[in-house]
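A.B. asks: Residue numbers (our numbering), protein chains in the order written: chain A, 25 to 389; chain B, 25 to 389; chain C, 1366 to 1699; chain D, 1366 to 1699.
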Amino acid sequence: MTADGGPNLVQLLTPEGERVQHPDYDIELSAEELRALYRDLVLVRRVDVEATALQRQGELGLWAQLLGQEAAQVGAGRAVQPDDFVFPTYREHGIAWTRGVAPLQLLKLFRGVTNGGWDPHEHNFALYTIVIGDQALHAVGYGMGIQRDGTDDAVLVCFGDGATSQGDVNEAFVFASVFNAPVVFFCQNNQWAISEPLERQTRIPLYRRAAGFGFPGVRVDGNDVLAVLAVTRAALASAREGNGPTLVEAFTYRMGAHTTSDDPTRYRIAADVEQWKLKDPIERVKVYLARNGFADHTFFEEVETEAEALAVKLRDDCRALPDPEPISIFDNVYATQNSLVESERTGLRDYLASFSDTAHAGRGH
Amino acid sequence: MTADGGPNLVQLLTPEGERVQHPDYDIELSAEELRALYRDLVLVRRVDVEATALQRQGELGLWAQLLGQEAAQVGAGRAVQPDDFVFPTYREHGIAWTRGVAPLQLLKLFRGVTNGGWDPHEHNFALYTIVIGDQALHAVGYGMGIQRDGTDDAVLVCFGDGATSQGDVNEAFVFASVFNAPVVFFCQNNQWAISEPLERQTRIPLYRRAAGFGFPGVRVDGNDVLAVLAVTRAALASAREGNGPTLVEAFTYRMGAHTTSDDPTRYRIAADVEQWKLKDPIERVKVYLARNGFADHTFFEEVETEAEALAVKLRDDCRALPDPEPISIFDNVYATQNSLVESERTGLRDYLASFSDTAHAGRGH
Amino acid sequence: MPDGGTEMAVFTMAKALNAGLRRALEDDPKVVLMGEDIGRLGGVFRITDGLQKDFGEHRVVDMPLAESGIVGTAVGLAMRGYRPVVEIQFDGFVYPAFDQIVSQVAKHHARSSGRTPMPIVIRIPFGGGIGAVEHHSESPEAYFAHTAGLRVMSPSNPLDAYAMIQQAIACPDPVVFMEPKRRYWDKAEVDPATALEAAGPFERARVVRPGEHATVACYGPMVRTCLEAAAAAEDEGRSLEVVDLRSLSPLDITTLAASVQRTGRLVVVHEAPVFLGLGAEIAARISAECFYHLQAPVIRVGGYHAPYPPSRVEEHYLPDLDRVLDGVDRALSY
Amino acid sequence: MPDGGTEMAVFTMAKALNAGLRRALEDDPKVVLMGEDIGRLGGVFRITDGLQKDFGEHRVVDMPLAESGIVGTAVGLAMRGYRPVVEIQFDGFVYPAFDQIVSQVAKHHARSSGRTPMPIVIRIPFGGGIGAVEHHSESPEAYFAHTAGLRVMSPSNPLDAYAMIQQAIACPDPVVFMEPKRRYWDKAEVDPATALEAAGPFERARVVRPGEHATVACYGPMVRTCLEAAAAAEDEGRSLEVVDLRSLSPLDITTLAASVQRTGRLVVVHEAPVFLGLGAEIAARISAECFYHLQAPVIRVGGYHAPYPPSRVEEHYLPDLDRVLDGVDRALSY
Ligand SMILES: Cc1ncc(C[n+]2csc(CCOP(=O)(O)OP(=O)(O)O)c2C)c(N)n1
Ligand SMILES: Cc1ncc(C[n+]2csc(CCOP(=O)(O)OP(=O)(O)O)c2C)c(N)n1
Ligand SMILES: [Mg+2]
Ligand SMILES: [Mg+2]
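(1) What did DSSP end up calling A274 (chain A) once you bin it into helix, strand or coil?
(2) At a Cβ threshold of 8 Å, is S219 (chain B) touching chain A?
(3) Quick one: give me the first and last residue of the alpha helix (DSSP H) that T1377 (chain D) is part of.
(4) Run the proximity test for G1492 (chain D): is its beta-carbon closer than 7 Å to any non-hydrogen atom belonging to ligand 3?
(5) What does R224 (chain A) touch in chain B if you count any residue whose Cβ is under 9 Å from its own?
(6) Note down, in chain order, all residues in the region 320 to 340 of chain B with a beta-carbon under 8 Å from any beta-carbon belonging to chain D.
(7) For a contact meaning CB atoms closer than 8 Å, what does D192 (chain B) contact in chain A?
(8) At a cut-off of 7 Å, is R1405 (chain C) close to ligand 2 when judged by its beta-carbon and the heavy atoms of the ligand?
(9) Tell me, please, which residues DSSP counts as bridged to M1518 (chain C).
(10) Determine the burial state of I1618 (chain D): buried for a count of at least 16 other Cβ atoms within 10 Å of its Cβ, exposed for fewer.
(11) What is the residue span of the beta strand (DSSP E) that F210 (chain A) lies within?
(12) Could you check whether the Cβ of S1698 (chain C) sits closer than 8 Å to any Cβ belonging to chain D?
(13) Suppose the cutoff is 7 Å on Cβ atoms and the five residues either side in sequence are ignored; what does the same chain contact list for R227 (chain B) look like?
(14) Measure the beta-carbon distance from E364 (chain A) to S1614 (chain C) and round it to whole angstroms, keeping in mind my assumption that it falls under 8 Å.
(15) Anything with a beta carbon under 7 Å from a heavy atom of ligand 3 counts; list them all in chain order.
(16) Could you have a look at R1688 (chain D) and say whether DSSP puts it in helix, strand or coil?
(17) Secondary structure at I1466 (chain C), three-state DSSP: helix, strand or coil?
(18) Is Y1508 (chain C) close to chain B, meaning its C-beta is less than 8 Å from at least one C-beta of that chain?
(19) Skipping 5 residues on each side, what residues in its chain have a beta carbon closer than 6 Å to that of T122 (chain B)?
(20) Can you say whether N247 (chain A) is buried or exposed, counting buried as having 16 or more other CB atoms within 10 angstroms of its CB?
(21) Do you know offhand how far T1371 (chain C)'s Cα is from F197 (chain B)'s?
(22) In chain order, what residues of the same chain lie with their CB nearer than 6 Å to the CB of A251 (chain A), ignoring the 5 residues before and after it?
(23) Assign K1552 (chain C) to one of three DSSP states: helix, strand, or coil.
(24) Excluding five sequence neighbours on each side, which residues of the same chain lie with their C-beta closer than 7 Å to the C-beta of D1464 (chain D)?
(25) Tell me which residues share the same chain as V1375 (chain D) and place their Cβ nearer than 8 Å to its Cβ, disregarding the 5 neighbours each side in the sequence.
(26) Listed from N- to C-terminal order along the chain, which residues in the region 1460 to 1477 of chain C have their beta-carbon within a distance smaller than 7 Å of any beta-carbon of chain A?
(27) Decide if Q1417 (chain C) is buried, meaning its Cβ has at least 16 other Cβ atoms within 10 Å, or exposed.
(28) What residue from C:I1664, C:P1638, C:D1402 and C:L1659 has the CA that sits closest to L1683 (chain C)'s CA?
(29) V1541 (chain D) versus chain B: which residues are under 9 Å apart at the beta carbon?
(30) Which runs of the beta strand (DSSP E) spanning at least 3 residues fall entirely within the region 1384 to 1450 of chain D, listed in chain order?
(31) Residues of the region 1661 to 1673 of chain D in Cβ contact with chain C at a cutoff of 7 Å, in chain order, please.
(32) Using a Cβ cut-off of 9 Å, pull out every chain A residue sitting near E195 (chain B), in sequence order please.
(33) What does a CB cutoff of less than 8 Å around G184 (chain A) pick up in its chain, not counting 5 residues either side in sequence?
(34) Tell me the residue span of the beta strand (DSSP E) that contains P305 (chain B).
(35) Look at the alpha carbon of A1596 (chain C) and the alpha carbon of L1643 (chain C), and state the distance between them as a whole number of angstroms.
(36) Would you mind sorting S378 (chain A) into buried or exposed? The rule is 16 or more other CB atoms within 10 Å of its CB.
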């Protein structure tokens, strides 16, 4: 597999910040829109850096870094319409941002104060899914719901290169094509599934998987926000028009560790990472904006300041997040009254109450 | 989907018994070999007819008819070498025949005297697998074992058109291609998964699925024993040579019911079946043999006689099959001594013994 | 194959389920039936017979052959506000969907802090006694009952089948609905107009036969067996109280304990393997709740710790009248 | 991350497992390790650290990311005469493989009339207490114990880990090997030369602390907790006998019943939900086998009927020293 994505890679902005043309995909954006994308990219990266720091400080149990995948996520996220629905993995902080999910909401999950975090229906952004691939089928089912409702919404579902090996993802390909569901399969190929390189999941480029199921697949430069936006928009439009699913492979690179628990020095060489640093998704936009006069020094400084403020607030808010009440363990296990849950809830409540009289919380400690 | 298999269908013998050429596949067979194939086809069909009758007579609980798929199975089965290993579904009576599994062994499962029936290692033919798709992964694992052993054996695994929707089958495609396992995926597309037509499983021809995983797929006329033999042989040779997996789609038709429990009049029209009758897998071989002088009247009669004798013996042997002992329920649950099984076995033994004194087997009846 | 019943009032369980599904489809446009062969064929047991014809392919959907895919897409439909009713063709084919059931269907409501209910019904024809090949006679209910977030229930007769399937569909919780396939052709009088009321809340067990000397707890296919055993026991002068559990998660321990406190003895009967079957939980609870009332240990009668055997020997695997009575003997021998 | 231990005699459980796997790879060329990230990375818990380097990519195989695929190919390798040892990365990720485990791994030996054994070990790091996100702290052992054809076992300490993993691999039965991930870094002296003998047969439970007033049965991660509880109880004048079950299927009821017959009381402790957890089966059996000895009902202390909660509240979900002692109090209050 070529590290540069091969000849079929859709690219509109080179790593050097050069705007290039593509026969099938193009995009016209105002300076303002371009600046907005840049701002997204920077803020999203800043949130990611801050969350990583918070994990190091013990405020989060874990963090799954998006470093390097900002363009893929901002591009895809900005292609999605408000009434569309997005199914993320656990790393979609950039898309979450574009859906209006406050970064603090994301941190709740990683801090361990909830298994969810936000209202999926408010943002049309599903909860993070940790079991690899499960959400692909949810997306298709949701798309079948759209078909039944007769609206022209579409669904975007995210997964990684590793996930393409899961049965559920391939079943999602089958179901989406058979039902012609309005779904865009958005695969961020960041070249790694934890320590396993792409070669452990496939021997051909992933975008070609789609052809085996009878729908189009496109490989796009995942570090090129313009190309991702253009390609994803086109795929969503196609879904909306009743042409069924598309697989978009965003060819990118996981610049950080898999998560803060991971140690990538055990399985990959620094040189590879260095090579991909040259393709940074933010730098090329900055160069493009500056070189073409779409943004000036002040703008870049403003974004930096905003990013810093966002980080400070995130840090403070994160630290202030309260732990859940013990008894909340039983909340929402069922939507209805349930005698088993009630009896266990009462048991725990009584048990906890038995300590409240005594000075110490337990006998053993 | 075209009923005739489309332009990419590999065919060497037309329904009219005409030998045709194909640029990529050919086969040279002696008159003796051709007669042997004919004999296989006839005997296999006769066994199937007899088993269906035995089910009607209450001797079998169920039978999964192969009617119409004789050529696909005999062609594939005769392509396999003795040291190769075959993983069947529950309908592979024709392949079982080519592996030397006595038809009576097959009937044991459907009569309900065993969940298995034969020694997989004696015949290099795995037990029937009823859970759709599970065996696809077993085949890949077996192939990985061959790779580790360093022999040049290959694996053939059977599944139906319906099975291609299962996650496990698609995972098998992933694993086989990633490990370059010596596996031939032999899909008998008989156009139906019980009552569901092919369109419920795919919107493109199934052989094209393989391309999505990076290995070749071929569609062969599944009613043409020569073409199936040639294509499967080539695929096995390719696997043996280290080129990894191939998907062979044998385009055929389920002429009978799904099983003896099924009533196809509820979901398909007789005209379709009639159309496929014209493509009968046996008739065309007979015409070809007769027209070219490869076989004479005596031969055809001999085969009929042999088939009849086989059926008579099968019927008698089936009726004579003893029921298993109640206590055999506990046999082979584990390969080692197991205290739980022992205590339950003792319990059942004592319970059964408690009746042996009394005249009647129970109180209730 | 099921007989539709010529009189309106006599239903097979199959027909009762069909009628219940029909009512649900009529009452709520969000109800969608999904499964393999449930359309034209009407399902291999004909439970959905005629429904696709009457409600269309969008509401009664023949799905690709992949159970995980069926349940997974049902989750997505539920997220979009639908109420999917999934048919698993046979008990032994639910396992490919296990991940979606355990990690998504069961947990999503809690994960979403109650924002996204999962009103999914997973219908599973279960149990043996029909002379089938492997994987067609299993009783996997304990896997689901052990899984928090799922309700598990099983009707034993046409009336309950008609009522409980509607209650299950109306319930915002996910329900694993275990249908005793060998009782599909059992008949009973059902008055659709009063059935829901007559059946009562689905969480309640029902004393289907009152008695004094011992309690027999059972569900699904074993209820008829236990009633027959109770009738036979009566001839021997033993009065058995038979409790149809109906709900397997949660268990209606209140009703059961009240019975055991009267009889002092309990036999639990199910087809599933005894080891970690529902009987284990029932025995553990009743042994604790009725510690001073039990005059004998709870006796469990059920399947063995072995794969479901070939059909020609299944009668020895399945609890029958004699094994139930043997269990009663043991309970009474203390 | 695990410390390899500098002295040969001191092993963390992680290191003990690593050493046991190494021995198995050395002893039998048919042993193949399969899993996600088990090669270069050595697994997310480093249990296979260094093994790919020493035994090669054919014996320690990084598999595509699909659990059903991993277990399914293990079945095929077993059919070809190999002894696959599968690592499931975390408890909550075993469910995609459930069908292969339940319908193939567990049943194939019986199906083949004993001709094709399934000597497959499925290693699952399980349980909570490590502050992880959802799906990383579950205790799914009851699903497997309910499944005939599988052995289920769980070591609680480095010695057993070293011995039992080798015994599991040598065993011709499929073994679901539950590794208490939060005890991976617990240390103990292990003498590899005598460990197998010292550990004894894997089917036997072990009295890890003798006592008089009540028996506490536990396994895996809870053994340390229960031993700590027993030490605390001693200060209160209560003598607890702690039994490490080690084998969850089959259960060594003989050893446990002997203990309960002496103490008259039993508390069963596990992290898994109580409802239909192992404690249910143990309570059912002991209530029957020790019917005349039990002075109190069997008390079960375990997880709740709820999805495993977010980590900031997991300490209230998991049985701890206090909850064990509370269970003991209840047992002694009768
Ligand atoms: C079913 C399942 N198996 C294993 C895991 C553990 N796991 C978490 S992330 C991951 C790798 C995922 O790789 P990829 O799909 O490429 O996504 P990425 O993390 O690179 O974004 C693994 C194996 C899991 N979460 N779910
Ligand atoms: C996992 C699973 N789901 C459902 C079934 C029930 N079933 C048995 S055969 C069959 C259809 C199979 O169709 P196909 O793969 O085309 O094979 P064919 O029977 O046509 O040879 C179904 C749904 C099963 N055996 N296994
Ligand atoms: Mg990746
Ligand atoms: Mg078919």
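Just so you know, even glycine gets a beta-carbon here, dropped at the ideal spot from N, CA and C.
C.D. replies: According to the data block:
(1) strand
(2) no
(3) First-last for T1377 (chain D): V1375 to T1377, but that is the beta strand (DSSP E), not the alpha helix (DSSP H).
(4) no
(5) V202
(6) none
(7) G191
(8) no
(9) C:F1542 and C:S1612
(10) buried
(11) V207 to N213
(12) no
(13) none
(14) Sequence check: residue 364 (chain A) is Leu here, not Glu. Right, their Cβ atoms sit about 7 Å apart.
(15) A:G184, A:D185, A:G186, A:Q212, A:N213, A:N214, A:Q215, A:W216, A:A217 and A:R278
(16) helix
(17) helix
(18) no
(19) G101 and R102
(20) buried
(21) Residue confidence for T1371 (chain C) is low, a pLDDT of 41 falling below 50, so the modelled location carries little weight and cannot support an answer.
(22) V34, Q35, L36, V244 and D245
(23) strand
(24) S1433
(25) K1552, A1553, E1554 and V1555
(26) D1464, Q1465, S1468, Q1469, H1474, A1475, R1476 and S1477
(27) buried
(28) C:P1638
(29) Those within 9 Å of V1541 (chain D) in chain B number zero; the least Cβ separation is about 13 Å.
(30) 1396 to 1400 and 1425 to 1427
(31) P1662, V1663, R1665, H1670, A1671 and P1672
(32) S189, Q190, G191 and N194
(33) T113, R115, I156, C211, Q212, N213, N214 and A217
(34) From DSSP, P305 (chain B) is part of no beta strand (DSSP E); its letter is neither H nor E.
(35) 24 Å
(36) exposed
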